[in-house]
Structure formats: structure tokens, C-alpha cells
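The UniProt record's numbering numbers the first residue of the sequence shown as 1 and each following residue consecutively.
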Amino acid sequence: MSFITRRALSTLIPPKGIGAAKDAARMSRVVDFYGKLPRGPAPEVKSKGLLGRYQARYFGRDPSAMPIVHIIAGLIALGYAQNYYFHLRMSPYYPKFVSDVAKGFIGHHKNNAH
């Protein structure tokens, strides 16, 4: 090791005679602080809210494929809702009211027959 390197490293280490009492008091505060910290594994965090509970249930310790099933079911429901709104609500096969069925009213399709 060269002289310059030894000189640079020696300036990083303070001499023992300077401020030993300050360092001891500071070190005792650090030891007290770490002594008060809890030991062992951290407690499991309880999930809050609808999305948090969903993530904890399906993406937590035991992940499953149910979110994919939920997405598929949601897309099917959304598709049916769109079909109902744009096509089926005026369809002759889906009368609006029971009284219309009794009167023989079949209804009409707003965009004509497909």
C-alpha cells in the first residue's frame, strides 16, 4: 500500500483520545433504540377495502386462477348487457311488460330485422 493511500485511510479513522465520551453516549442511545425495537417476524398486515381483500384472497399466499374466471364472467355479463340494450330490449321475443304479452303486443326492433 502506498503512503498516500495509507494517509487517506488513516484520516477516516478518528483517534481514540478525541471525543470518546460523546461517542459512548451516542452509542448507548443507539443501543437503547435498537433494544426497544420488536423482535421476530413482522405481524401480518390486514388488508382493507374491497380491492385489498380481493388481492389478499386471490394473489396472497396461495394464488389461484379465479381472477381469470372472474374476468371472463364479467366480460360475458358486459356483453349480454350491451346486447340487451342495443338489440334485445325491443325484440319481439322479449316483451317489456306482462300486460303486453296478454294483449298480444309483440313490439318492434328499432333497427328493423337483422
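The beta carbon of each residue, even a glycine, is placed where N, CA and C say it ideally should be.
**Request:** Tell me whether H36 sits in a helix, a strand or coil according to DSSP, three-state version.
**Result:** Start at 1 with the first residue of the sequence shown, and residue 36 comes out as number 36. Checking the displayed sequence, the identity of residue 36 turns out to be Lys instead of His. Helix at K36.
**Asked** Near G49, which residues of its chain fall below 6 angstroms by C-beta distance, leaving aside the five closest residues on each side in sequence?
**Response** For this step, residue 49 is matched to residue 49 along the sequence shown. Hits under 6 angstroms: none found.
**Message:** Given this structure, state the Cα-to-Cα distance separating P38 from V45, to the nearest angstrom.
**Reply:** Numbered from its first residue, the sequence shown carries residue 38 at position 38. Numbered from its first residue, the sequence shown carries residue 45 at position 45. Each residue's Cα considered, the two are about 15 angstroms apart.
**Request:** Starting from the Cα of S47, find the closest Cα among H70, K36 and G60 and give me that residue.
**Result:** Within the sequence shown, numbered from 1, the residue matching residue 47 stands at position 47. Of H70, K36 and G60, the smallest CA-CA separation from S47 is found for G60.
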